[in-house]
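Novice:
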């Protein structure tokens, strides 16, 4: 088929011009697409920029136990720093040894000192698995001790001062010397960010 040409030499269009269309052609509507779901918000938690891995692990561990107040968390952290500087394989006095080689004084992140508590760490690790010289096993043991169970509800309260939380922790740790606990706790409150 040969199409007629226009005066300028172009073939005529096989479709009507816009001026010749009486009604626009029917176009099927695009299918409706549901909007993409919004991503679930990420829950904010306390973070400790500049803290070492043991400090970060400990902070996360206690938040997972339901402790959310910055001062409460900082007080727990300050106590552990005063006891062991977050070294799980430390014997009282500073010797870095494994659990069976700490023969006197306290051992671990909270310096378990009494025979009952020290032996309890070893029995717990044998019963539930884990190495008593590691942070993970010591954290799991710590929250299963009666001393901690007695104060955990207080640590889960909110709105108290560092000093209040430090004082509540005495039955847990039974320190003989207050030392730098409160100082360290206040330092953690300054370092921690809610993100």
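Residue numbers (the numbering used here): 3 to 197.
Quick reminder that beta carbons are idealized off the backbone N, C-alpha and C, glycines included.
1) Buried or exposed: residue 155, going by 16 or more other Cβ atoms within 10 Å of its Cβ?
2) Could you name the residues of the same chain whose beta carbon sits closer than 6 Å to that of residue 106, not counting the 5 residues immediately before and after it, in chain order?
3) Using a Cβ distance threshold of 8 Å, determine whether the stretch 106-117 contacts the stretch 79-93, with at least three qualifying pairs required.
4) Look at the alpha carbon of residue 146 and the alpha carbon of residue 173, and state the distance between them as a whole number of angstroms.
5) Out of 42, 47 and 60, point me to the one whose CA is closest to residue 137's CA.
6) Of the residues 68, 58 and 130, which one's Cα is nearest the Cα of residue 80?
7) Need the endpoints of the alpha helix (DSSP H) that residue 139 sits in, please.
8) Helix or strand or just coil, what does DSSP make of residue 49?
9) I'd like to know whether the C-beta atoms of residue 77 and residue 179 end up nearer to each other than 8 Å.
10) Decide if residue 118 is buried, meaning its Cβ has at least 16 other Cβ atoms within 10 Å, or exposed.
11) Assuming contact is defined by CB atoms lying nearer than 8 Å, are residue 72 and residue 194 in contact in what I supplied?
Specialist: The relevant details are as follows:
1) One-based indexing of the chain shown puts residue 155 at position 153. Result: exposed.
2) As a position in the chain shown, residue 106 is number 104, starting the count at 1. Closer than 6 Å at Cβ, skipping near neighbours: no residue.
3) yes
4) Reading the chain shown from its first residue, position 144 is the one you call residue 146. Reading the chain shown from its first residue, position 171 is the one you call residue 173. Their backbone Cα atoms lie some 14 Å apart in a straight line.
5) Residue mapping note: residue 137 aligns to position 135 of the chain shown, counting from 1. It is 60.
6) The residue you call residue 80 lines up with position 78 of the chain shown. Minimum Cα distance to residue 80 is reached at 58.
7) The residue given as residue 139 occupies position 137 in the chain shown. That run of the alpha helix (DSSP H) goes 137-144.
8) Reading the chain shown from its first residue, position 47 is the one you call residue 49. Correct three-state label for residue 49: strand.
9) What you label residue 77 is simply residue 75 of the chain shown in a count that begins at 1. What you label residue 179 is simply residue 177 of the chain shown in a count that begins at 1. The answer is no: Cβ separation not under 8 Å.
10) Here residue 118 is taken as the residue at index 116 of the chain shown, counted from 1. Residue 118 should be labelled exposed.
11) Locating residue 72 in the chain shown gives position 70, counting from the first residue. Locating residue 194 in the chain shown gives position 192, counting from the first residue. Yes, these two residues count as a Cβ contact at 8 Å.
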